[in-house]
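Since the structure comes first, as structure tokens, the remarks are kept for the end.
Residue numbers (my numbering): 78 to 255.
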């Protein structure tokens with residue numbers, strides 16, 4: 078009698094493995110596709126970050142350039158004052174200084190710099206620095222009597238507090254440090 082059963086084919090898959098093998102191949106293809114998408118997304122994110130950094134740097138340089146152009150008018154005014162020198166009268170020199178200050182303040186305002194309101198205002202430790210306390214009958218205690226040095230803000234952020242004299246109670250501390 079001959080053995081009717083033949084030897085199993087080494088390349089043949091056992092029954093039930095073929096669908097699993099097909100699912101595995103499909104899952105590997107999906108995984109590779111997802112990996113490629115991830116790599117493209119990571120590269121795009123890196124490009125966006127570089128572009129944003131470049132845009133910020135360019136905006137900063139443009140802002141500095143605009144301020145520099147505005148300040149050139151101030152430089153021109155100062156140079157004219159120096160050229161006038163001793164030949165100019167005191168009144169003319171004072172007028173030139175005032176015009177130069179106006180040019181400078183206009184340039185700073187265009188850049189977002191603004192003076193801190195102080196005289197007559199209520200003392201605010203966020204924007205004022207008390208240098209002295211003096212009695213002031215005409216102002217309520219805690220009000221700013223005088224400004225020793227102006228304070229400035231850049232787009233709402235404090236650059237330098239205003240140094241001020243603050244009103245104290247009548248008959249209170251006089252000329253002392255705050």
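We treat Cβ as the ideally placed atom computed from N, Cα and C, and that holds for glycine.
In this text, all values refer to a predicted model and were calculated from it rather than measured experimentally.
N- and C-terminal bounds of the beta strand (DSSP E) containing residue i
i           : result
residue 235 : 234-237
residue 192 : 190-192
residue 231 : 229-231
residue 207 : 205-212
residue 220 : Run containing residue 220: none; DSSP gives neither H nor E here.
Three-state secondary structure (DSSP) of residue i
i           : result
residue 92  : coil
residue 245 : strand
residue 253 : Summary for residue 253: the model assigns pLDDT 47, below 50, so the residue's position carries little reliability; its value from the coordinates is reported in the next sentence. Residue 253 falls in the strand class under three-state DSSP.
residue 196 : coil
Proximal residues to residue i (C-beta, below 7 Å), its chain only, five neighbours per side dropped
i           : result
residue 218 : 244, 245, 246
residue 187 : 147
residue 216 : 222, 244
Contact set for residue i: own chain, Cβ-Cβ below 6 Å, skip 5 residues either direction
i           : result
residue 107 : none
residue 158 : 173
Buried or exposed by the 16-neighbour rule on C-beta atoms within 10 Å, applied to residue i
i           : result
residue 222 : buried
residue 96  : exposed
residue 139 : exposed
residue 202 : exposed
residue 210 : buried
residue 193 : buried
residue 104 : exposed
residue 93  : exposed
residue 239 : buried
residue 118 : exposed
residue 224 : buried
Cβ-based neighbour list, residue i, same chain, cut-off 8 Å, excluding 5 preceding and 5 following
i           : result
residue 184 : 144, 147, 148, 150, 151
residue 169 : 161
residue 200 : 207, 219, 220, 221, 241, 243
residue 190 : 229, 230, 231, 236
Ignoring anything shorter than 4 residues, give me the alpha helix (DSSP H) runs that lie fully in the stretch 110-191, in order along the chain.
Entirely contained in the stretch 110-191, the alpha helix (DSSP H) runs reaching 4 residues are, in chain order, 167-187.
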